[in-house]
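Asks:
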Amino acid sequence: MSLLPPTHTPEVIRRLTAFAPDVFCLTDQEPRDIGLPQVRYSTSEDGPEARDWHVPQIDASQTAAIVFTSGSSGLPVPHRKTWGRLVRCVRDEAERLGLMDGHAHAMLATVPPQHMYGFESSVLVALQSANGLCAEHPFYPADVCAALERLPRPRTLVSTPIHLRALLASQAEVPPADLIVSATAPLSQELAREAEQRFGAPLMEIYGSTESGQLATRRTAREREWRLWPGVCLTLDEGRAWARGGHLEQPTPMCDELEVIDAERFLLHGRLADLVNIAGKRSSLAYLTHQLNSIAGVVDGVFFFPEEPQTSTAGVTRVAAAVVAPGLDARHLTEELRQRIDPVFLPRPLLLVDRLPRNSTGKLPRESLRTLAAGASVAARRV
């Protein structure tokens, strides 16, 4: 059984050993700096991979992995995944993405394989659709382009909005591709269109979560509606959407505000936890973040709740923002925001930082943002 934590930080490993005392690290690298017993997997010519072998038949009900949430909305939470339902999910994905057309695709992923999206859309989909997965895991735009260029065609890039945005904003020469896949955060239609134009390939966005696995796709450059996986349905219960059927282990509540169009299609309006209600006016953190990142000179930025989003005694829920914007000051950014959003949503505080504490999938863990805000508050009091 594989345990797939979001990171390998000492605190996460400590929690992992408390969750599963018999856990160990299987690695094909030199001894790693990780607080676990380690077993080295041989890659020599006389290793297991050099012998004749047959694809094993695995019981569909066997728990193959325990995947942990990223912590973007709190502490990582474990979710068990059985082999049969994982296989059904990624085969549906391969069919939807055209990866079972008889032409062996070479797949390159910028997302880590222990993340649910990376686990499904790079490792498992390649295994279940007779395609090849590149062992490289590039991060910087020039490295991503170089690695993609080396792959034979047809070739697929599995990435995230934050990685695609950095790549397209760089000076790197973008090689042609045959398919781009994106997930982990909403992708703007403008970025999707630019990616399709630069890569010369369709971009398919995947909707899902660690809890549910992948559920739907859309071609973001051309459509707003999402189309569900075969056998999966959405139902509304007291205003909340639940996913059922198909590969799902059990009925699963969605953390997003979804509008059901029909049995196969829905619209995504944002995360339920992102909704902001101040003085009777409503917005969402995603919308506010989009407006912040639309300001010329902003490299990266995010709106967030500096504390639990509950109404204070004064009847106000605070929002904060952190932004990477070399050459711009807080006054200029605030004035730009005044032109784009209602003044009640102006961030307090507005933090100017060198970089945002994004993890390897481009997400921003909630506690990291709150630590950032708390540090700024302490510094301000000292001054």
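Last residue of the sequence shown: 382 (numbering that gives the first Met the number 0), numbering continuous.
The beta-carbon is built from N, C-alpha and C at its ideal position, and this holds for glycine as well.
Computed from a prediction, not measured in an experiment: that's the story for all the values here.
Would you check if the distance between the CB atom of residue 396 and the CB atom of residue 99 is smaller than 7 angstroms?
Replies: An answer regarding residue 396 cannot be provided, because it is not within the stretch 0 to 382 covered by the chain.
Asks: Based on the DSSP output, what are the partners of residue 276 in its beta bridges?
Replies: DSSP, once it has assigned bridges, lists 281 as partnering residue 276.
Asks: Please give the ranges of any beta strand (DSSP E) in the segment 226-264, keeping only runs that are unbroken, at least 3 residues long and fully inside the region.
Replies: Taking only runs of at least 3 residues, the beta strand (DSSP E) segments lying wholly in the segment 226-264 are 231-236, 239-244, 255-259.
Asks: Starting from residue 194, trace the alpha helix (DSSP H) in both directions and tell me its first and last residue.
Replies: 188-198 is the extent of the alpha helix (DSSP H) around residue 194.
Asks: Relative to the alpha-carbon of residue 352, which residue among 374, 149, 11 has its alpha-carbon at the smallest distance?
Replies: Checked all of 374, 149, 11; the closest Cα to residue 352 is 374.
Asks: Check for me: the alpha helix (DSSP H) holding residue 127 runs from which residue to which?
Replies: First-last of the alpha helix (DSSP H) with residue 127: 124-127.
Asks: Check the DSSP bridge columns for residue 266 and list the partner residues they point to.
Replies: Answer by DSSP bridge pairing, in chain order: 258.
Asks: Would residue 164 be called buried (16 or more neighbouring beta carbons within 10 Å of its own) or exposed?
Replies: When all chains shown are included, residue 164 counts as buried.
Asks: Which residues mark the beginning and the end of the beta strand (DSSP E) in which residue 24 is found?
Replies: Start and end: 24-26.
Asks: Between which residues of its own chain and residue 248 is the CB-CB distance below 7 angstroms, once the five residues before and five after are set aside?
Replies: These residues qualify, in order along the chain: 81, 84.
Asks: Helix, strand or coil for residue 31, going by three-state DSSP, please let me know.
Replies: Looking at residue 31 - three-state DSSP - the assignment turns out to be coil, as it is neither helix nor strand.
Asks: Using only alpha-carbon positions, find the residue among 190, 33, 28 that is nearest to residue 4.
Replies: Residue 33 is the option with its Cα nearest to residue 4.
Asks: Using a 10 Å radius around the Cβ and a threshold of 16 neighbouring Cβ atoms, would you call residue 199 buried or exposed?
Replies: Classification for residue 199: exposed.
Asks: Looking at the structure shown, is residue 136 part of a helix, part of a strand, or coil, going by DSSP?
Replies: Three-state result, residue 136: coil.
Asks: One question on the structure: do residue 147 and residue 112 come within less than 7 angstroms of each other, judged by their Cβ atoms?
Replies: Not closer than 7 angstroms, so no.
Asks: Might you give, ordered along the chain, the residues of its own chain that have their beta carbon closer than 7 angstroms to the beta carbon of residue 305, omitting 5 neighbours on each side?
Replies: Contacts found: 317, 319, 369, 372.
Asks: Tell me which same chain residues have a C-beta within less than 6 angstroms of the C-beta of residue 77, skipping the five on either side of it?
Replies: Taken in chain order, the residues that qualify are 65, 67.
Asks: In angstroms with no decimal places, state the Cα-to-Cα distance between residue 311 and residue 274.
Replies: Because the pLDDT at residue 311 is just 39, under 50, the model does not fix this residue reliably, and the point stays unresolved.
Asks: To which residues of the same chain is residue 386 closer than 8 angstroms at the C-beta, ignoring the five residues directly before and after it?
Replies: Any property of residue 386 remains undetermined from this structure, which presents the chain solely from 0 to 382.
Asks: Determine the direct distance from the alpha carbon of residue 28 to that of residue 257, and round the result to whole angstroms.
Replies: So the alpha carbons of these two residues sit roughly 43 angstroms apart.
Asks: Just mark residue 57 as buried or exposed, buried being the case when its beta carbon has 16 or more other beta carbons within 10 Å.
Replies: It is exposed - the Cβ of residue 57 has fewer than 16 other Cβ atoms within 10 Å.
Asks: When DSSP labels each residue in this structure, what does residue 290 get in the three-state scheme?
Replies: Looking at residue 290 - three-state DSSP - the assignment turns out to be helix.
Asks: Helix, strand or coil for residue 210 per DSSP?
Replies: Residue state, collapsed to three classes: coil.
Asks: Would you mind giving the Cβ-Cβ distance between residue 228 and residue 245, rounded to the nearest angstrom? I have them listed as a contact below 8 angstroms.
Replies: At roughly 5 angstroms, the Cβ-Cβ gap stays under 8 angstroms, so residue 228 and residue 245 are in contact.
Asks: Nearest to residue 21 by alpha carbon, out of 7, 367, 154, 0?
Replies: Among 7, 367, 154, 0, the Cα nearest to that of residue 21 belongs to 0.
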